[in-house]
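*Asks:*
In my numbering, the protein residues as written are 26 to 182.
(1) Taking the alpha-carbon positions, what's the residue 164 to residue 137 distance?
(2) In chain order, what residues of the same chain lie with their CB nearer than 6 Å to the CB of residue 125, ignoring the 5 residues before and after it?
(3) I'd like to check one pair, residue 177 with residue 127: are the Cβ atoms closer than 8 Å?
(4) On the DSSP letters alone, give me the boundaries of the alpha helix (DSSP H) that residue 108 sits inside.
(5) Straight-line CA distance for residue 86 to residue 77?
(6) With distances taken between CB atoms, is the gap from residue 74 to residue 66 smaller than 8 Å?
(7) Look up residue 26 in the DSSP assignment and say whether it is helix, strand or coil.
(8) Which residues mark the beginning and the end of the alpha helix (DSSP H) in which residue 143 is found?
(9) For residue 99 and residue 92, I'd like the C-alpha separation in whole angstroms.
In structure tokens:
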């Protein structure tokens, strides 16, 4: 049977382990590493330095994206949209109902007029003639027999 050598310090508990003598972390220096890197870059030919710098910068960029990514677009989703409705009394007259409906229609007409003006402006910017397009659309409406409903007297939009 083979006996371990007591002089090596592997088995003999009275001797210090050899791993303490192999510690190389104590000799590492950040400043020394940077100085060595600068010396390497100065001594290397240009065709080795440029690809090396590009490789380091691309890798650093990708790692930075991994660090930044958890903080981007992490807002909670918007909550549910609350839709309110009006409740009316059961004893409303027909005139009150029609007046409310016409007020809603006035608001819709204002929105439609605003959209129509923006579309006209877009048509002008695109080189079209919006007045001619409107005349053609009006002629098509008349040909289909569409008529505009008369608004009640005294309705203010």
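In this text, a Cβ means the ideal position worked out from N, Cα and C, and glycines have one as well.
*Replies:* A quick look at the data gives this:
(1) The alpha-carbon atoms of residue 164 and residue 137 are separated by roughly 19 Å.
(2) The answer is none, since no qualifying residue turns up.
(3) With contacts defined as CB atoms closer than 8 Å, residue 127 and residue 177 qualify as a contacting pair.
(4) First-last for residue 108: undefined, no H or E at that position.
(5) Cα to Cα, the separation comes out at about 14 Å.
(6) Closer than 8 Å, so yes.
(7) Residue placement at residue 26 is flagged as unreliable, the pLDDT there being 47, under the threshold of 50; a coordinate-derived value is accordingly withheld.
(8) Counting along the chain, the unbroken alpha helix (DSSP H) around residue 143 starts and ends at 119–150.
(9) Their backbone Cα atoms lie some 14 Å apart in a straight line.
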